[in-house]
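Inspection log for the structure reproduced underneath, given as structure tokens.
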Amino acid sequence: MIQAIIFDLDNTLYWDKRSNDEALNATCLLASNDITTISPAKLKYDIIREAEVQFTSSTFFEFASSIEVTALEALWARFDAGDHPMFDTMRVEAPTYRFNAWHAALQHSGQYNPDLALLLAERYPVERRKRSFIYDDMFETLTLLRSNYRLLLLTNGTPDLQQEKVDSVPELASFFEHIIISGDFGEGKPSESIFRHAIGLLNLEPHEVVMVGDNLYTDILGANRSNIPSIWINRSNSPKPDHIHPTREALSLSELHPLLLSM
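Count the sequence shown with UniProt numbering and you get residues 1 to 263, in order.
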């Protein structure tokens, strides 16, 4: 019998994609207002691409990847929490990473403009922090489920950024017995070790918990490897690869309660 639910955060409960998208739109619009020949849509495409290029060539990429930090998260994280010494490196080098990404993106629009690149590198974190979106059915679903199940939040990322996301949604933290952030633990999903840590905190067996998440390659694959049942939140009704097998699928959080009763 399922006794506890392990929830992912980003794009499962917290609408990270929308928050990123709107913040990028606002930042790129600022650039086009300053220089009218800049296309906001093109600059947005280029900054997403260049952020990834700069991220993969950074000195902190290997560590960041191990805890599943993304290139876009590195564009606004402070990296001012966590015990691992690499967080100090990330905190020191992040401003240069952000400047280089925006500077390279602007050059794709024919703009060699270090001053504007610095402005955008500093503006994006401001715009991103203005925007914290959740899914409409999140609170109703969590309220319903916590009356019958123990809840734990398991999220990949840096301690400062993931905690900031949780804190930006009033009362969200109160639903969970434990909040595990990969940057605090030292490894991220889909590592089996972080799943073992989660069920250890709950003092339950793998078959007594269920993992709920939107990401097949972190949430569901990690659950598969750990012999934990899973529910894939597949809002876009996307096909799944042959090698990853969620126990159930849901198009929204509101479908979770009846699915759990069937497990």
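Built from N, CA and C at the ideal position, the CB exists for glycine as well.
- With contacts defined by Cβ atoms closer than 8 Å, residue 250 and residue 237 do not form a contacting pair.
- Between the alpha carbons of residue 184 and residue 37 lies a distance of about 44 Å.
- Per DSSP, the beta bridge partners of residue 10 are 14.
- Ranking 163, 18, 34 by CA distance to the CA of residue 179 puts 163 first.
- With a threshold of 16 other beta carbon atoms within 10 Å, residue 205 falls short and is exposed.
- The three-state secondary structure of residue 198, taken from DSSP, is helix.
- In the same chain as residue 132, and ignoring 5 residues on each side of it, the C-beta atoms closer than 8 Å to its own belong to 14, 19, 165, 168, 169, in chain order.
- Taking C-beta atoms under 8 Å as the contact rule, residue 151 and residue 201 fail to qualify, at a distance of about 12 Å.
- About 6 Å separates the beta carbon of residue 157 from that of residue 181, a gap short enough to meet the 8 Å contact definition.
- In the three-state scheme derived from DSSP, where H, G and I count as helix and E and B as strand, residue 174 is classed as helix.
- Checking the DSSP bridge columns, you'll see residue 4 partnered with 150, 209.
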